[in-house]
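Working notes, structure below.
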Amino acid sequence: MSSVPVAVVTGSNKGIGFAIVRALCKQFPGDVYLTARDPGRGQEAVSKLQEEGLRALFHQLDIDDLQSIRALRDFLKEKYGGLNVLVNNAGIAFKVHDTTPFAVQAEVTLKTNFFGTRNVCTELLPLVKPYGRVVNVSSMVSSSALGGCSRELQQKFCSNTITEDELVELMTKFVEDTKKGVHEKEGWPNTAYGVSKIGVTVLSRIQARMLNEKRKGDHILLNACCPGWVRTDMAGPKATKSPDEGAETPVYLALLPSDADGPHGQFLSNKTVRTW
Ligand code: NAP
1431 MSSVPVAVVT
1441 GSNKGIGFAI
1451 VRALCKQFPG
1461 DVYLTARDPG
1471 RGQEAVSKLQ
1481 EEGLRALFHQ
1491 LDIDDLQSIR
1501 ALRDFLKEKY
1511 GGLNVLVNNA
1521 GIAFKVHDTT
1531 PFAVQAEVTL
1541 KTNFFGTRNV
1551 CTELLPLVKP
1561 YGRVVNVSSM
1571 VSSSALGGCS
1581 RELQQKFCSN
1591 TITEDELVEL
1601 MTKFVEDTKK
1611 GVHEKEGWPN
1621 TAYGVSKIGV
1631 TVLSRIQARM
1641 LNEKRKGDHI
1651 LLNACCPGWV
1661 RTDMAGPKAT
1671 KSPDEGAETP
1681 VYLALLPSDA
1691 DGPHGQFLSN
1701 KTVRTW
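Residue numbering for the sequence shown follows the numbering used here, starting at 1431 and increasing by one per position.
Quick look at the structure:
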């Protein structure tokens, strides 16, 4: 078994994830895994980094596929006995003018951004070694979407005692409410992406609390962040940040030094803790 530190970035064949891998290859003292659902796109991205003189390793990972997540889990367990850095970056967003029915957009978006990310956490968090760092890439849109929720939902999402099961129930209810056409009446904002990212931010707060309760002595730091508005296929060419600039906050959180005792359980943008 290798004692080399290991970092894994989900959805990293392009965009911000790719830039996070590039930065980690330069700064992380260990093996860096670029992962992608499509091995062809993943290997191509690894080759691109190789041309820049950087060495990333590849492993397949589709966060919508539990078998794929478990295959990565078993690989990490066997080869490294766990992992040191996990960046949950993979995500999707429908374009603003997409005419796909809202209920379908809600189901598809929540499936990857919330349920997929949660499944990765369920399988990989137990493997995170002491002094490990976990970064969940959320969005400022989670904050604005929270503002668009009913007072009752806001209270639930800001609660310091909400459980993961309760959060899953709420995310499931959102999808069901969109299918029944009652989501606005039920207090939800009109953004599937926004609700999915509320899920990611709140999940991060819950997971950090659980780490405090169950693995306090392990000094693991887990946070959610917004990369900013970044020029990728998701956000388009008018966005203000380059992918490398978008990677800065996630990479900062992934590389928090071993003597840092925070941030933990926070939501950050531009390397600054934001109130939730
Ligand atoms: P992007 O260029 O569209 O890249 C998204 C990445 O996620 C791609 O590698 C994509 O793979 C991968 N992915 C999607 N579904 C996946 C799945 N089921 N399993 C594994 N990988 C999957 O988007 P981006 O702008 O870099 O976004 C990265 C993260 O930042 C997302 O979580 C996004 O919500 C967040 N974010 C972005 C912005 C922004 O302005 N760009 C702002 C706030 C937050 P394929 O190539 O196979 O599709």
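All C-beta atoms in this analysis are idealised placements derived from N, C-alpha and C, irrespective of residue type, glycine included. For clarity, every value in this text was computed on a predicted model and none was experimentally measured.
- prompt: For lysine 1445, does the count of other Cβ atoms within 10 angstroms reach 16, so buried, or fall short, so exposed?
  reply: The amino acid at residue 1445 is misidentified as lysine; the sequence shows glycine. Buried.
Segments assigned beta strand (DSSP E), at least 3 residues, entirely inside the segment 1625-1689
1651-1656
- Query: Does at least one heavy atom of the ligand NAP sit under 8 Å from the Cβ of threonine 1679?
  - Reply: no
According to DSSP, which residues form a beta bridge with aspartate 1504? Paired residue(s): none; aspartate 1504 is not in a bridge.
- Write down the C-beta distance between valine 1517 and valine 1439 rounded to the nearest angstrom, noting that I regard them as a contact closer than 8 Å. 4 Å
- Task: Sort Ala1475, Thr1547, Asn1514 and Leu1554 by Cα distance to aspartate 1504 and report the nearest one.
- Result: Leu1554
- Message: Could you tell me the alpha carbon to alpha carbon distance between phenylalanine 1532 and methionine 1431, rounded to whole angstroms?
- Response: 47 Å
*Go through the segment 1552-1624 residue by residue and report every complete run of the alpha helix (DSSP H) that reaches 4 residues or more, in order.*
1570-1577, 1581-1588 and 1594-1610
request  = Leaving out five residues on either side along the sequence, give the residues of the same chain with a beta carbon under 8 Å from the beta carbon of tyrosine 1561.
outcome  = Asn1514, Asp1648, His1649, Ile1650 and Ser1688
Any contact of the segment 1569-1581 with the segment 1626-1641, i.e. 3+ C-beta pairs under 8 Å? yes
task = Run the proximity test for aspartate 1494: is its beta-carbon closer than 8 Å to any non-hydrogen atom belonging to the ligand NAP?
result = yes
- request: Tell me whether glycine 1546 is buried or exposed, calling it buried when 16 or more other Cβ atoms sit within 10 Å of its Cβ.
  value: buried
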